[in-house]
Every structure is written in structure tokens, then in C-alpha cells.
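First comes the structure, then the notes that go with it.
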Amino acid sequence: MAHNGIEVKFGIDANGILSVTSTDKGTGKKQDIVITGASTLSKDETLTGGSVVESEDNFVHPTIAEISSNAKIMKEKLFAPVLYVMKFKTFKEAVEMNNSCCGIVNVNIPTNEVEIGSAFGGEKGTGGGCYTGSDSSKQYMRHSTCTINYGIELPLAQGINFG
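In our numbering, the protein residues as written are 15 to 177.
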């Protein structure tokens, strides 16, 4: 995309885990997206989205897709606006799914019990997660105050007397 003569491009590997399935030979337009190692996001699996952004770069529209927890894509991290929906029967099964797949960066399990959700903070292999954000410094630092007295006298703090 160009704006005022400046071309904006992103270094995305076209042969990476998310790539364009095919290009229509007649129109040259991109047809669909495919996730390498998993089946093409068909109309049955794609709940919304699934189409590519028409540009020379490889971008996809936000997509919600139902996928199996044992799909190859679940073992890798996909940095694209694709949300996977997986079915589970028990809470324990959902936790096991999350812990077995390094590709799952964030898990959302709706609950009315705030205590249940508060016990989880996501990290995995990214090195981020619950220790990032604006409050992350509070995990590793303590607050202290330093005062410099440029006067001649040396008053003691809080009424301390060494006499």
C-alpha cells in the first residue's frame, strides 16, 4: 500500500505456516487461505473470515475457525488474526489441551467464577504473558525514596535521636 509516495511492506514469508492456497489464473486474485499441515479452512470449518487481503503482501482478514486440538498448526504459533475454536467436554480436558500445545498463546474459557480464571496467567515459550504490560515492573522492583540534603545541618528523620 502506498501513501504519499511511501510504500509500506512487511517481511512476511509467503511460504510460511499461513499462506495463500491458490491464485485464480484468469483474474490473478487470491482465492483462500490454507494452514500448512491442516486442512484448508473450508466453509464448514470457518465460522467467519478466512479470506485474504487483496494486496501483494500476505495478510488475512480476521478469521474464526473451528479446528482440532491435534492439528499441526496447534504445535506452532501463528501471528495472524486467526482465532481457533476447539470443543472440549470437561474443564480438565481444556487445561490438558492448553498445556500440551505450544501454539496456544491465549485461552479464553467463559466463567462466572472470577477465582477460577485468576489462577491462570499465560506464558509458555514466548517469554511474556502474565509478566508483561504496564504493571510488569512491580513484579521485580520495590519502591524507594532518596532525599538529598544540601543544607549545613543534618536533621534526623522521624524524630530519631542518637544521644
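Backbone N, C-alpha and C fix where the C-beta goes; we use that ideal spot for every residue, glycine too.
- For E167, there is no enclosing beta strand (DSSP E), as DSSP gives it neither H nor E.
- In terms of Cβ geometry, S82 and M111 do not form a close pair [threshold 8 Å].
- A79 carries a strand assignment under DSSP once its states are collapsed to helix, strand and coil.
- Just so you know, the alpha carbons of N113 and T104 end up roughly 14 Å apart.
- Taking the Cα positions, V99 is about 17 Å away from V74.
- Comparing C-alpha distances from T159 to each of P76, P95, A171 and G165 shows the shortest one belongs to A171.
- F102 has its alpha-carbon roughly 6 Å from the corresponding atom of A108.
- Annotation: T161 to N175 spans about 19 Å, alpha carbon to alpha carbon.
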